[in-house]
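In UniProt numbering, the protein residues as written are 1 to 111. Note that CB positions come from ideal geometry on N, CA and C, so glycine has one too. Written out below as structure tokens is the structure these notes cover.
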Amino acid sequence: VFVPANAPVGIWRLDVCSGLQDRNEDPYMYVYSDETDAYILFNPWCKDDPTYMDDEDKRYEYVMNDKGKVYMGAYKSRHGRPWAFGQFDDVVLPVACYIMELSSICDTERG
């Protein structure tokens with residue numbers, strides 16, 4: 001399955017349509033619908049995606065690293081606090097999609 005870089009972000013379902021046509025008969029069409037949710041997000045590894053990051057170290061830091069620091073305080077007296085971002089926790093993806101559903105962003109503007 002190929003997902004273009006400009007595909008709208010969200011929850012998708014996959015339907016596969018296939019068919020046979022005999023010259024003497026009506027065409028036969030078969031549709032398979034997969035009930036599994038497919039989450040389309042972004043692909044910072046794909047050069048065509050707007051989120052593409054050329055620098056592998058930065059890509060790891062910004063996308064894959066699930067621990068880091070959150071900085072607090074004023075400009076001249078800030079301090080970092082250890083933080084677990086949790087972007088890979090089971091609840092994060094469904095909640096993020098739910099928030100998108102509640103927003104006024106239409107599907108065509110999510111890609």
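Query                                                                                                                                                         : Result
Contact check, V70 vs R81 under 8 Å by CB: the rounded distance?                                                                                              : 5 Å
Which runs of the beta strand (DSSP E), 3 residues or longer, sit entirely within the region 26-65?                                                           : 28-40
Between A84 and D66, which are expected to be in contact by the criterion C-beta below 8 Å, what is the C-beta distance as a whole number of angstroms?       : 6 Å
What whole-angstrom Cβ distance do Y32 and G19 have, given they're in contact under 8 Å?                                                                      : Incorrect: roughly 12 Å between the Cβ atoms, too far for contact.
Using only alpha-carbon positions, find the residue among Q87, A5, L102 that is nearest to F42.                                                               : A5
Here's a check: name, in chain order, each residue in its chain whose Cβ is nearer than 7 Å to the Cβ of G68, leaving out the five neighbours to either side. : W83, F85
Considering only the beta carbon of each residue, do A74 and I40 sit closer than 8 Å?                                                                         : no
Relative to the C-alpha of D107, which candidate in V16, M64, T36, W12 has its C-alpha closest?                                                               : W12
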